[in-house]
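In my numbering, the protein residues as written are 568 to 1586. Worksheet for the structure shown next.
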Ligand SMILES: [Zn+2]
């Protein structure tokens, strides 16, 4: 108790210490690096000398040093993040593909210094200074080092003799007014570095072409590059790009070495790229001030056809950003094409590296984005790890604007032709907005101010890039483009070559605009709160349109009223407000009025932004179109043995992205039964940012089909279920691989029983039987890079009456199902699956022999007592349809039938005397299944399986051991399976006369439900 209190006290003290913000300062770092590339061992070795100046008001007794090549080892933060994102390449890589930094021998001012690896991260070291570094003082840190270059898993790496030398040398962590910022290297998550200067010498075989941060100092090397430029221009003119180097073959390295030198000022990183195959192009742009910037591209034959134009993209992006944000301050900008395993491109000061692009437009997009990082990362050096929106988001905002300017709006290049999107009704729909809404409606979005390693993979894309980009567009439209540019340009001027924080951006924008922007920087960027305004009535009063607007969101963000005649003819922005208010805009003859007709705001619901439109019926599925209320329909086809073929219409409002209220309703006409059958599903999702449940779903599922046909007496029996339920998803960390659910449900089952004349057994009439079932269920689902598992615990109670047999019965049933699949091969395609099932009846007033709804070894149509699954022939006891099973209950695969009975249909659902494997007291089984380690011809998915267990035999009253094994044909991830039982205990195998009749199949139609599948995609 005391210790805890002490701890809390210390935390409180340290928080107050931090709360007292220090004045701004930044450290100064000057690097001298001299290295040699050994391209047969894939190593870089040499020496580094860092002159570190302490500009802080603090005395420093230690210095944190990043050793990021050490990340390419197992057990590191990088390795863990890869596994969390289910990327196993590095985990399974051979040892010689990993990387590290060695030969370290740190000295401070020439004297050996005590240093150690950080306890948690071996890609961070702590140097303990023998003599503390005083404010204003300078120390020189030096060490030899050797980088064993890893294969291309992330940013630093090599593919053959193509080298990407990034995050490669010992580098001090940032020390600023908030303290030290040591950070392990991550693939998803970037960096934070001190500004300074670099003087780098690289020795390597003389036929390498090198692109690097900084200005090349050697005359011979400049001539070498000029020759490459000349040669490249000749190749382009003759259209002679070769095919030879597309297969990773490299020209031999010359014995002769060269030493090239680069110098750079006002940068916080240094990267270089070396490849003997590079073509080189060169150009130059003149900025408004008259300053000239050399531009370069370096690329191989791979995509050379589109790279031949890339120099124009570099030129154009330098001019665009210089114009809109502030002038490019460096002497050159270079784009190199290279193998890269961390996204489509990566930025370094003055140089960007670009991976495979596919098209010229997409290459332009990536080059522009990466070149743009010279501003948002390079010049404005924010803490990218903790606030990725400050570089990625602001940069994406400008990049999107560039793309819209040169390629038109909707300039997202996602590889889907526009016509295909047309079919999906994507008119006026922005894909990034849709992705945000998709996440936010399920409350899966995460605040912008979330550190990179706590964002899920999809949210890293959304919270770091897309959402802040759209929010800055929102801010631009609200403030006006001119005013926004003025403020952003001043931000650039005030903060260039510095370390701005989110609070600095906010303070700057608020001071310059004179507006309270807490809706933007605090509420939207710090929480999961969403924005939604709804349009009410529109009244024209003379020359004024009076429009009632309600704020249905959580944030008082600004709102725009659009005056629309086909397209928007004018817009009026209003500051945010709570509740309902009337906004006035000039009335225009024949115009309509809408909230944000053009999608400049980022709302969670745009469907309430427009004056009422009639409901429109729409064929097939579509993306949500906010301007239209749409009811979707599609023809549906069904079949079961009693209704026969069924044809009907499915009506649904479910579109992409998911809505809070969703329904699907599918009435169908059965051509055999001559009656209507079908199903309906209604769901309402409630999300909550607080409390133990993140999502609560209220649902009602209804189903009615025929389940038996008596052709002799000419009647059908049918069933109908109504199943209301409430399902809670428990709160979890966003990046947690575990999801938990609790479901409470009630099932009313209404099935028909046929009555007979006791004298001659002729059919007289049908009567309804009511069953009422309550169920509570707990589910856990977990999925990692190595395995997938689930637990389902259910308690179910039922009370039922059986009029004919004149008894009343009630019972409580509990079941536990646990599954665990171990991926035993590198590609995750092969697994060993274990399932454990245990079930029993803690209470059953009919006793162990007499219960009507026993647990079973094999799940089939006749024993699907609760109508959980879909069967083509529920009551079939012979023929193909009778072979349909499900993998519930004991999970056995041998079909067990109702024993033939001379009692007419309806008197008894099952014959209590036999029915092997049924139990009213206890059953426990284990089901094993595995992929074969080798690949069969045509990749036939054959899996051996083994089922075994014990059950309480209801006749003998003894526990009976039972097993069965065989071969499964497992298709579509288990949705369709065919089972060939080969051996098993006699009592089980003798349930069927021969091998052929023991073969069974399962078709899991529940898992074919596309909408559910979409909703359950783990993001
Ligand atoms: Zn970026």
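Beta carbons: idealized from backbone N, C-alpha and C, even for Gly.
Closest by C-alpha distance to residue i, when choosing among the options
| i | options | result |
| --- | --- | --- |
| residue 1435 | 1572, 1490, 792, 1208 | 1572 |
| residue 841 | 1283, 605, 1319, 1297 | 605 |
| residue 1082 | 1141, 1101, 1154, 1032 | 1141 |
| residue 1043 | 1073, 1000, 964 | 964 |
| residue 865 | 798, 896, 1544, 710 | 798 |
| residue 1549 | 1539, 1567, 1540 | 1567 |
| residue 1425 | 1464, 1562, 1088 | 1464 |
| residue 921 | 789, 870, 800 | 870 |
| residue 526 | 1276, 1264, 1323 | Here the chain comprises residues numbered 568 to 1586, so residue 526 is not present and cannot be evaluated. |
| residue 1376 | 1411, 1509, 955, 905 | 1411 |
| residue 1094 | 1147, 1010, 1073 | 1010 |
| residue 801 | 764, 846, 837 | 846 |
| residue 1266 | 1103, 1258, 1253, 1273 | 1253 |
| residue 764 | 1541, 600, 1355 | 600 |
| residue 1001 | 888, 1068, 1046, 1170 | 1170 |
| residue 1149 | 1271, 1177, 1104, 1155 | 1104 |
| residue 1230 | 1241, 1242, 1091, 1217 | 1217 |
| residue 903 | 1439, 839, 955 | 839 |
| residue 1288 | 884, 1304, 1274, 942 | 1274 |
Between the CA atoms of residue j and residue i - distance to the nearest angstrom
| i | j | result |
| --- | --- | --- |
| residue 925 | residue 1237 | 50 angstroms |
| residue 654 | residue 1352 | 7 angstroms |
| residue 1402 | residue 1384 | 7 angstroms |
| residue 1143 | residue 1127 | 10 angstroms |
| residue 1488 | residue 641 | 49 angstroms |
| residue 1157 | residue 1139 | 18 angstroms |
| residue 1590 | residue 1084 | Absent from the model: residue 1590. The displayed extent of the chain is 568 to 1586, so no value can be given. |
| residue 895 | residue 1036 | 21 angstroms |
| residue 932 | residue 962 | 12 angstroms |
| residue 804 | residue 999 | 40 angstroms |
| residue 1129 | residue 833 | 45 angstroms |
| residue 1583 | residue 1117 | Per-residue confidence for residue 1583 stands at a pLDDT of 39, beneath the threshold of 50, marking its modelled position as unreliable; the derived number appears in the next sentence. The alpha-carbon atoms of residue 1583 and residue 1117 are separated by roughly 32 angstroms. |
| residue 1591 | residue 1494 | What is shown of the chain runs 568 to 1586, which leaves residue 1591 out entirely. |
| residue 1027 | residue 1357 | 27 angstroms |
| residue 581 | residue 1262 | Unreliable placement is indicated for residue 581, whose pLDDT of 45 sits below 50; no coordinate value is reported for it. |
| residue 677 | residue 705 | 13 angstroms |
| residue 1420 | residue 1482 | 12 angstroms |
| residue 1396 | residue 1345 | 28 angstroms |
| residue 1038 | residue 648 | 28 angstroms |
Residue i CB to nearest heavy atom of ligand 1 below 7 angstroms
| i | result |
| --- | --- |
| residue 959 | yes |
| residue 962 | yes |
| residue 914 | yes |
| residue 936 | yes |
| residue 633 | no |
| residue 1252 | no |
| residue 940 | yes |
Check: residue i C-beta below 7 angstroms from any heavy atom of ligand 3
| i | result |
| --- | --- |
| residue 609 | What this structure holds is ligand 1, not ligand 3. |
Per DSSP, the bridge partner or partners of residue i
| i | result |
| --- | --- |
| residue 1427 | 1452 |
| residue 1537 | 1544 |
| residue 1527 | 1518 |
| residue 1509 | 1536 |
Cβ of residue i within 8 angstroms of any chain B Cβ
| i | result |
| --- | --- |
| residue 1551 | Structure shown: chain B not included; a single protein chain is present. |
For the segment 1053-1071 against the segment 943-952, do three or more pairs of beta-carbon atoms, one drawn from each stretch, fall closer than 8 angstroms, so that the two count as touching?
The segment 1053-1071 is in contact with the segment 943-952.
Specify whether the segment 759-779 and the segment 867-884 touch according to this definition: at least 3 beta carbon pairs, one from each stretch, less than 8 angstroms apart.
In this structure the segment 759-779 does not touch the segment 867-884; the number of beta carbon pairs closer than 8 angstroms is below three.
At a cut of 8 angstroms, does the segment 711-726 reach the segment 619-631 through at least three beta carbon pairs?
A contact between stretches requires three or more CB pairs, one per stretch, nearer than 8 angstroms, and the segment 711-726 fails this requirement with the segment 619-631.
If we count Cβ pairs, one from each stretch, closer than 8 angstroms, do we get three or more for the segment 735-746 versus the segment 1006-1014?
At 8 angstroms Cβ cutoff, the stretches do not touch.
Are at least three pairs of beta-carbons, each pair with one atom in the segment 688-705 and one in the segment 631-638, less than 8 angstroms apart?
Segments in contact, yes.
Any contact of the segment 819-831 with the segment 766-780, i.e. 3+ C-beta pairs under 8 angstroms?
Contact between the segment 819-831 and the segment 766-780 is present, because at least three Cβ pairs lie under 8 angstroms.
Decide yes or no for the touch test of the segment 1331-1345 against the segment 1299-1318: beta carbon pairs closer than 8 angstroms, at least 3 of them.
Remark: three or more beta-carbon pairs, one from each stretch, lie closer than 8 angstroms, so the segment 1331-1345 and the segment 1299-1318 are flagged as touching.
Could you check whether the segment 676-689 touches the segment 588-600, counting it as contact only if at least three pairs of C-beta atoms, one from each stretch, sit closer than 8 angstroms?
They do not touch, by the three-pair rule.
Three-pair Cβ contact test at 8 angstroms for the segment 1431-1449 versus the segment 1530-1550
The way I'd put it, the segment 1431-1449 doesn't touch the segment 1530-1550; fewer than three beta-carbon pairs between them come closer than 8 angstroms.
Any chance the segment 1442-1458 sits against the segment 1211-1222, with 3 or more Cβ pairs inside 8 angstroms?
As far as the Cβ criterion goes, the segment 1442-1458 does not touch the segment 1211-1222, which means the pair count is below three.
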